[in-house]
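One structure is given below, encoded as structure tokens.
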Amino acid sequence: MATVSEYFGSMVFDDRVMKANLSASVYASLKKTIDEGAKLDPSVANAVADAMKDWAVAHGATHYTHWFQPLTGITAEKHDSFISPSPDGGVIMEFSGKELIKGEPDASSFPSGGLRATFEARGYTAWDPTSYAFIKGKTLCIPTAFCSYAGHALDKKTPLLRSMEALNKQALRILRLFGNDKAKCVRSSVGPEQEYFLVTKEMYDARPDLRFTGRTLFGAKPPKGQEMDDHYFGVIKPRVAAYMEELNHELWKLGILAKTEHNEVAPAQHELAPIYTTTNIATDHNQLTMEIMQKVAQKHGLVCLLHEKPFAGVNGSGKHNNWSIATDQGQNLLSPGETPYENAQFLLFLCAVIKAVDDYQDLLRIAVATAGNDHRLGANEAPPAVVSIFLGDELNAVLEAIETDTPYKGAEKTQMKLGVDVLPKFNRDTTDRNRTSPFAFTGNKFEFRMLGSSNSIACANIMLNSAVAESLKIYADRLEQADDFKTTLNAMIRKTIKDHKHIIFNGNGYDDSWIKEATEQRGLLNYRTTPDCMPHLLDKKNVDMLTAHKVYSEEELRSRCEIMLENYCKTVVIEANTMVDMARTQIVPAVESYVYDLTKTATAKKALDASISCSYETALVKKLSVLVDRIAAKTEELDDALLSLHDAENVTAESEMIRDRILCLMSELRLPCDEAETITAKKYWPFPTYGDLLFGV
Ligand code: ADP
Ligand code: MG
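In short: position in the sequence shown from 1, add 30, done, that's the working numbering.
Take a look at the structure:
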């Protein structure tokens with residue numbers, strides 16, 4: 031059997047393959063495009079396409095596709111075969127530079143939020159040479175951006191690449207001011223930790239809610255949940271281990287650096303983390319990872335649930351976005367350095383992030399807003415919907431010392447004169463203990479923990495990159511004009527700490543008192559739901575910033591807002607319809623047939639001997655009948671409320687009706703159903719219970 035290092039990346043047209051299969055001049059030219067974003071020569075494109083096709087065909091591929099990430103949040107592909115007729119009646123395999131660089135999928139059914147009139151159905155896809163092509167099944171997949179003919183981005187990759195460019199530009203300006211003229215580019219990197227649940231295919235198939243919505247809409251608490259804390263980091267069951275083994279194998283073939291795997295807090299919950307890489311590649315890889323997780327699960331008779339909250343009462347699933355910025359020379363700009371000069375630079379980048387997160391709290395919240403994630407944020411298991419930053423006590427003390435111009439009282443007393451003194455060494459461990467913060471500094475990177483497990487990481491990183499680019503721009507504008515660099519730098523850092531320290535919180539983010547303090551004393555934003563936050567995408571300050579850095583045009587932002595709200599509405603409406611259906615056609619009939627059998631039992635007992643007690647049956651029949659009436663009434667109420675959504679004037683109004691009414695009615699319908707489950711004999715219950723699902727693998 032081949033070893034991992036032998037097959038790692040075997041399905042990727044990576045640097046090794048390029049070097050081996052391209053002429054020296056073509057390779058050099060392509061490399062320049064990949065590393066420095068230089069424009070690609072058409073003749074080079076032809077040579078690359080030809081080599082790619084030969085390599086792909088040799089690895090069993092028959093088709094190619096422009097692989098892209100439309101605003102649905104998943105990936106899309108349309109396959110074309112390489113075949114081209116030859117005069118002798120046979121075929122030859124062909125693939126041109128033109129086909130590599132540009133594709134024209136009929137994309138009229140992808141959401142565009144009004145950006146592309148339906149008559150103008152054709153958007154186009156454009157090759158992203160910075161993310162390697164790969165083979166999936168029998169298809170060569172070419173990572174691409176997806177745009178309308180008017181040039182509007184219809185996908186998540188385009189704005190992500192633009193945000194990386196904005197960050198690159200501003201960070202380089204800062205580095206130049208610190209005398210660094212070696213760095214050619216600055217890139218953000220991400221390592222996303224992905225949580226998921228596994229349930230058996232058999233049980234999944236028996237639950238319409240899981241099949242239609244990805245989460246359970248009914249289900250009483252099982253006798254055992256996660257209270258024993260015995261699953262986290264526990265021994266991995268053989269069936270799950272076999273799944274993870276095959277998953278790793280598939281991911282490694284695609285050059286995805288799957289590194290860590292373990293059980294998570296909830297029963298049936300697991301996590302996979304890759305080694306971090308450049309943000310756009312990490313994004314492509316995370317999309318692929320989610321897809322392959324689901325595909326491999328099927329082969330093991332399992333289903334991988336990526337929903338943020340598949341089960342009420344046990345932890346949901348998130349995705350931790352570990353983010354840092356580094357130069358092409360390998361200098362991590364969020365790593366405290368060895369010399370006073372490096373430290374001043376580190377502190378400036380740190381301040382840029384603090385300012386960015388504070389100024390654009392709303393954009394970070396918006397970036398993770400979905401109907402699914404609304405169930406998690408603030409539910410005492412995930413960070414709250416309030417954005418704050420954790421720095422750890424030591425770094426916090428350093429910032430306080432700078433702000434107040436007093437000696438830092440760390441291990442050794444140090445006057446914190448920027449650019450003069452060396453930062454005290456802080457212990458990495460003390461920066462990594464807080465697990466409740468939405469945005470935590472973990473020694474040399476920030477961990478943004480609000481993402482939902484099914485989110486594309488593109489949105490979070492677009493906002494993060496752009497907001498930090500904006501802070502850096504403000505700093506660079508000022509420093510480039512400064513008469514005295516050091517004095518201006520010191521003043522700027524001090525001012526940032528003063529102005530933005532209210533976003534720094536090192537305590538327990540799950541504590542209710544924090545939400546009170548955050549909103550009432552500190553004035554931080556608390557957008558609890560998607561309809562609460564999404565319209566703020568179009569607030570002037572946000573539009574100004576994102577358009578100034580050319581990350582989005584105003585039209586693109588309008589379309590995103592519309593699509594995200596539409597998506598929220600559709601998601602909840604499907605859930606509500608599924609509940610109505612399950613209550614009417616499964617739950618009520620099940621309870622009724624149990625009631626009928628109980629009644630028959632009681633009647634039979636009485637017929638046998640009138641003195642036999644039937645009080646158990648009588649009480650239960652009464653109780654269940656009350657519940658059935660309540661279920662029926664709530665079902666009708668929910669169904670009516672769904673109809674009234676048609677009166678909504680626009681998608682914003684509809685999303686508010688859903689937030690204020692539909693979601694409440696859904697909880698009210700669930701209550702009597704779950705109660706009925708606990709007192710109905712198991713053989714009558716129409717679908718697997720939480721106990722079956724959570725402990726079934
Ligand atoms: P944990 O959060 O469990 O303590 P680590 O901090 O080691 O684990 O890593 C979590 C994730 O962060 C991994 O995907 C890892 O590759 C990534 N990571 C580590 N260093 C960096 C960095 N400098 N920039 C971005 N991501 C990083
Ligand atoms: Mg982590």
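Where is the CB? At the ideal position from N, CA and C, for every residue including glycine.
Under the three-state reduction of DSSP, C381 is assigned to helix. Considering only R588, C215, A490 and I527, the residue with the shortest C-alpha distance to L394 is A490. T105 is positioned such that its CB atom lies closer than 8 Å to that of Q317. About 21 Å separates the beta carbon of A327 from that of Y262, a gap too long to meet the 8 Å contact definition. The continuous beta strand (DSSP E) containing W353 extends over residues G348 to T357.
Going by beta carbons, K108 and T95 fall inside the 8 Å limit. A residue is called buried when at least 16 other Cβ atoms come within 10 angstroms of its Cβ; K503 meets this threshold and is buried. No heavy atom of ligand 1 is found nearer than 7 Å to the CB of V383. Going by beta carbons, D158 and K199 fall outside the 8 Å limit. Within the same chain, Cβ atoms closer than 6 Å to the Cβ of F140 are found at P100, the five residues on either side in sequence being excluded. Inter-segment contact for the segment 550 to 560 and the segment 410 to 429 is present: three or more beta-carbon pairs are separated by less than 8 Å.
With distances taken between CA atoms, N351 lies nearest to T308 out of T308, F341 and L130.
Remark: C-beta atoms of Y306 and V387 do not approach each other more closely than 8 Å. Among the bridge pairs identified by DSSP, V229 is matched with V333.
E477 counts as buried, since no fewer than 16 other beta carbons sit within 10 angstroms of its beta carbon. Spatial neighbours of L695 in its own chain (CB-CB distance under 8 Å, excluding positions within 5 residues in sequence) are listed in chain order as A606, K664, E667, L668 and A671. In the three-state DSSP reduction, K166 falls in the strand class (E or B). Under the three-state reduction of DSSP, Q299 is assigned to strand. For A77, the three-state secondary structure derived from DSSP is helix. According to the DSSP assignment, D574 belongs to no beta strand (DSSP E) but to the alpha helix (DSSP H) extending over K570 to A578. Rounded to whole angstroms, P72 and G127 show a C-alpha spacing of 7 Å.
DSSP assignment within the segment 660 to 723 yields the following whole alpha helix (DSSP H) runs of 4 residues or more, N-terminal first: 681 to 687 and 693 to 709. Beyond the five residues adjoining it in sequence on each side, E622 comes within less than 8 Å, by CB distance, of V658 in the same chain, given in chain order.
Per the C-alpha coordinates, the member of M594, E510 and C703 positioned closest to G209 is E510. Scanning K267, T319 and S59 for the CA closest to the CA of P222 turns up T319. Taking each of Y37, M123 and L202 in turn and checking the Cα distance to D507, the smallest one comes out for L202. Between G285 and G39, the C-beta gap is smaller than 8 Å, which places the two residues in contact.
K635 has its alpha-carbon roughly 36 Å from the corresponding atom of R237. About 5 Å separates the beta carbons of R689 and P561, which is inside the 8 Å limit, making them a contact pair.
A residue is called buried when at least 16 other Cβ atoms come within 10 angstroms of its Cβ; P268 does not meet this threshold and is exposed. Relative to ligand 1, V78 has its C-beta separated by 7 Å or more from all heavy atoms. Secondary structure note for S111: its beta strand (DSSP E) is the uninterrupted segment H109 to S111.
Inclusion of K475 in the 7 Å shell around ligand 1 follows from its C-beta lying nearer than that to a non-hydrogen atom of the ligand. Annotation for V498 indicates a beta carbon at 7 Å or more from all heavy atoms of ligand 1.
Out of Y598, R465, D513 and K62, the CA that lies nearest to the CA of V295 is found in R465.
Look at G726: its beta carbon is at least 7 Å from all of the heavy atoms in ligand 1.
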